[in-house]
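J.: Take a look at the following structure, please.
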Amino acid sequence: MPSVLIKTYGCQMNERDTEQVLSMFLAGGYDITQNEDEADVILINTCSVREKAELKALGKMGLLCARPNAKPWVVYGFMGCMSQSRSNSLFRDIARLDIVTGTHQYHNVYKLCNRLLRNRLAQHITEPIKRGARICAVEHEDGFQNAIKDHLPPSGNCTAFVSIMQGCDMRCSYCIVPSTRGEECSRPMNDILTEAKELVARGVKEITLLGQIVNRYGRDEPIINGRGAFVRLLEALHEIDGLERIRFTSPHPIGFRQDLVNAYTYLPKLCSHIHFPMQSGSDRILKLMLRPYKNEKYLNLCEAMREARPDLAITTDIIVGFPGETHEDYLQTKAAVERIQFDNAFIFQYSPRKDTPAAAMADQICLRVKEERNHDLLECVNRIATARNQALVGTTQTILVEGPSKNNPNRLQGRTSQNKPVIIEGNSAAVGSIVPVTITECTGFTLYANVQQ
Ligand code: SAH
Ligand code: SF4
Ligand code: F3S
């Protein structure tokens, strides 16, 4: 049986898309492998959001294609965001590359790879190939967003991602995503509910809804009894017996209405965590970023949600060193971090992206300043994160046990409703169950706990 390996970079959406592609390979009779020397098809699902992500994927593919003892017929392909943005030109970067497929073509990846592999095997290729097949599929296809619906067969996973929309209609001046993922497009609510019910029937307890601006889901639909389509979707999911936890990522202050704040008061399955990108604490920079709201609106939303759900954990994304960011602007970001007391934050140094307005702005910030701000803010974020975790020591939390701990396979790992990883002693029988624990210790990121008897 042939086998396939997919390496995934980037966001949860890419993880979800990889799963869709793998499920199609499985249905076609392939094995899934993690072993590079074993695989007959090797794909990398790529991210373009920062330059580093692209360099990582290019470097990895270069190494894979240069393996001296690789099977000569192996099919090499890039899929995802970098494929969409760089398309054909990738064949110039890596001569041995066979296939490049874009973000609206995931459902065709299996067909293209399988056909090429079967041809090569039928030709009994024994010498390494010098130049790839150069198949490029990056066109838009109507209805592609409904093609992302298959999950991998049950493997004990009690959590799952569900893509509820694709693309993004905002034009944040730094961001490449609108050009790699195309126009915003929501899936029909019934399809999402059917998918969720199937997952629950297979043992899934926690679902994370995915969208670039997830709260804009179904924004053309009417508001009914004060509730927009996104909140109505949350309510409908909440009704599913056996589904214990609902998460979503990422929300945006635009279209974030009171109905979503209120949802935290009456939907107990909605977890006490929100990843809510702030980007900057300076109104001047937000304006240059083309983020159409003031920082005060963002802060007020955080505070309103904390009022609705007092134990809500808030995490965020922040960009430092955006073109024109002064020390004063940076200090405003830092002040916002102090005010909200984030449970954690991803800090990114601004990375100029192809064909985005910010890349052409004067007043680019030098690397040294970006690094200084990154380092300084990280210290502040880590201090607050550790203090917030320390405040949980001694408390009771409920965790969903997900599987063995990555660092110590003799222990188990789960997550609290606040999305904090928790390590416990125990055996695999507990996987998939929701158990009360007492937190005993913590670091800035991880909690340690005893299971309550
Ligand atoms: N749709 C999400 C963000 C998706 S991209 C939202 O709008 O909230 C994930 C994160 O990458 C962003 O929140 C941003 O902080 C970061 N990012 C995007 N483009 C970037 C760039 N050019 N340089 C550095 N960080 C960037
Ligand atoms: Fe990028 Fe902005 Fe769209 Fe998020 S909302 S994906 S940051 S353009
Ligand atoms: Fe990266 Fe594409 Fe996600 S650019 S962050 S993989 S949408």
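Just so we're aligned, residue 103 is where the sequence shown starts under the working numbering, counting upward by one.
Glycine is no exception: its CB is placed at the ideal position from the N, C-alpha and C atoms.
1) From 222, 205, 168, pick the residue whose C-alpha is nearest to that of residue 197; which is it?
2) So the alpha helix (DSSP H) residue 387 belongs to, where does it begin and stop?
3) Could you pull the start and end residues of the beta strand (DSSP E) that residue 263 belongs to?
4) Under 7 angstroms: does the beta carbon of residue 272 sit that close to some heavy atom of the ligand SF4?
5) Report yes if the CB atom of residue 384 is closer than 8 angstroms to the CB atom of residue 153, and no otherwise.
6) Taking 7 angstroms as the line, does the beta carbon of residue 287 fall inside it for any heavy atom of the ligand F3S?
7) Is the separation between the beta-carbon of residue 518 and that of residue 499 shorter than 8 angstroms?
8) Put residue 194 into one of helix, strand or coil per three-state DSSP.
9) Look up residue 552 in the DSSP assignment and say whether it is helix, strand or coil.
10) Indicate the three-state DSSP secondary structure (helix, strand or coil) for residue 506 in the structure shown.
11) Quick check on residue 142: buried or exposed, where buried means 16 or more other Cβ atoms within 10 Å of its Cβ?
12) Should residue 468 go down as buried or exposed, given a rule of 16 or more other Cβ atoms within 10 Å for buried?
13) Compute the beta-carbon to beta-carbon distance between residue 311 and residue 264, rounded to the nearest angstrom, for a pair I have assumed lies under 8 angstroms.
14) Secondary structure at residue 499, three-state DSSP: helix, strand or coil?
15) Output yes or no for whether 8 angstroms exceeds the beta carbon distance between residue 404 and residue 424.
16) Can you tell me the Cβ-Cβ gap for residue 216 and residue 284, rounded? I've got them flagged as a contact below 8 angstroms.
17) Rounded to whole angstroms, what's the CA-CA distance from residue 121 to residue 428? Just pull it up for me.
18) Pick from 465, 529, 461, 555: whose alpha carbon is nearest that of residue 276?
19) Taking C-beta to C-beta, are residue 239 and residue 210 nearer than 8 angstroms?
20) Give the DSSP-derived three-state secondary structure of residue 183 in the structure shown.
21) Would you mind sorting residue 448 into buried or exposed? The rule is 16 or more other CB atoms within 10 Å of its CB.
22) What's the C-alpha gap between residue 251 and residue 297?
23) Locate the alpha helix (DSSP H) running through residue 419, then write down its first and last residues.
24) Consult DSSP for residue 118 and reduce its assignment to one of helix, strand or coil.
25) Ignoring anything shorter than 4 residues or poking outside the stretch 272-328, list the alpha helix (DSSP H) runs there in chain order.
26) From residue 291 to residue 261, what distance separates their C-alpha atoms?
T.: With the given structure in hand:
1) Taking the first residue of the sequence shown as 1, we reach residue 197 at position 95. The option with the nearest alpha carbon to residue 197 is 168.
2) Position 285 of the sequence shown holds residue 387. 385-390 is the span of the alpha helix (DSSP H), which, as asked, contains residue 387.
3) Here the question's residue 263 lines up with position 161 in the sequence shown. Looking at the DSSP string, the run of the beta strand (DSSP E) that includes residue 263 is 261-265.
4) What you label residue 272 is simply residue 170 of the sequence shown in a count that begins at 1. At a threshold of 7 angstroms, residue 272 counts as near the ligand SF4, since its beta carbon sits closer than that to one of the ligand's heavy atoms.
5) In the sequence shown, residue 384 corresponds to position 282, counting from 1. In the sequence shown, residue 153 corresponds to position 51, counting from 1. With a cutoff of 8 angstroms on beta-carbon distance, residue 384 and residue 153 are scored as not near each other.
6) Here residue 287 is taken as the residue at index 185 of the sequence shown, counted from 1. Incorrect: residue 287 has no Cβ contact closer than 7 angstroms to the ligand F3S.
7) Looking up residue 518 in the sequence shown gives position 416. Looking up residue 499 in the sequence shown gives position 397. Taking 8 angstroms as the Cβ cut-off, residue 518 and residue 499 qualify as a contacting pair.
8) Walking along the sequence shown from the start, residue 194 turns up at place 92. Three-state DSSP puts residue 194 in a helix.
9) Position 450 of the sequence shown, counting from 1, holds the residue named residue 552. DSSP places residue 552 in strand when its eight states are reduced to three.
10) Start at 1 with the first residue of the sequence shown, and residue 506 comes out as number 404. Correct three-state label for residue 506: strand.
11) Looking up residue 142 in the sequence shown gives position 40. Residue 142 comes out buried.
12) One-based indexing of the sequence shown puts residue 468 at position 366. Result: exposed.
13) Working through the sequence shown from its first residue, we reach residue 311 at position 209. Working through the sequence shown from its first residue, we reach residue 264 at position 162. Right, their Cβ atoms sit about 6 angstroms apart.
14) The residue labelled residue 499 in the question sits at position 397 within the sequence shown. Three-state result, residue 499: strand.
15) The residue labelled residue 404 in the question sits at position 302 within the sequence shown. The residue labelled residue 424 in the question sits at position 322 within the sequence shown. It is not a contact, given that the beta carbons lie outside the stated cut-off.
16) Numbered from 1 along the sequence shown, position 114 holds the residue referred to as residue 216. Numbered from 1 along the sequence shown, position 182 holds the residue referred to as residue 284. Incorrect: roughly 26 angstroms between the Cβ atoms, too far for contact.
17) Along the sequence shown, one-based indexing puts residue 121 at 19. Along the sequence shown, one-based indexing puts residue 428 at 326. Approximately 42 angstroms, taken between the alpha carbons.
18) Within the sequence shown, numbered from 1, the residue matching residue 276 stands at position 174. Selected option, being the one with the closest Cα: 461.
19) Here residue 239 refers to the residue found at position 137 of the sequence shown. Here residue 210 refers to the residue found at position 108 of the sequence shown. Going by C-beta atoms, residue 239 is nearer than 8 angstroms to residue 210.
20) The residue labelled residue 183 in the question sits at position 81 within the sequence shown. Of the three classes helix, strand and coil, the one that applies to residue 183 here is helix, per DSSP.
21) Translated into positions along the sequence shown, residue 448 becomes position 346. Exposed, since its Cβ has fewer than 16 Cβ neighbours within 10 Å.
22) Working through the sequence shown from its first residue, we reach residue 251 at position 149. Working through the sequence shown from its first residue, we reach residue 297 at position 195. Taking the straight line from one Cα to the other gives about 7 angstroms.
23) For this step, residue 419 is matched to residue 317 along the sequence shown. Looking at the DSSP string, residue 419 is not in any alpha helix (DSSP H); the run it does join, the beta strand (DSSP E), is 415-422.
24) As a working mapping, residue 118 is identified with position 16 in the sequence shown. Helix.
25) 279-283, 291-303
26) To locate residue 291, count along the sequence shown from 1; it is residue 189. To locate residue 261, count along the sequence shown from 1; it is residue 159. About 20 angstroms.
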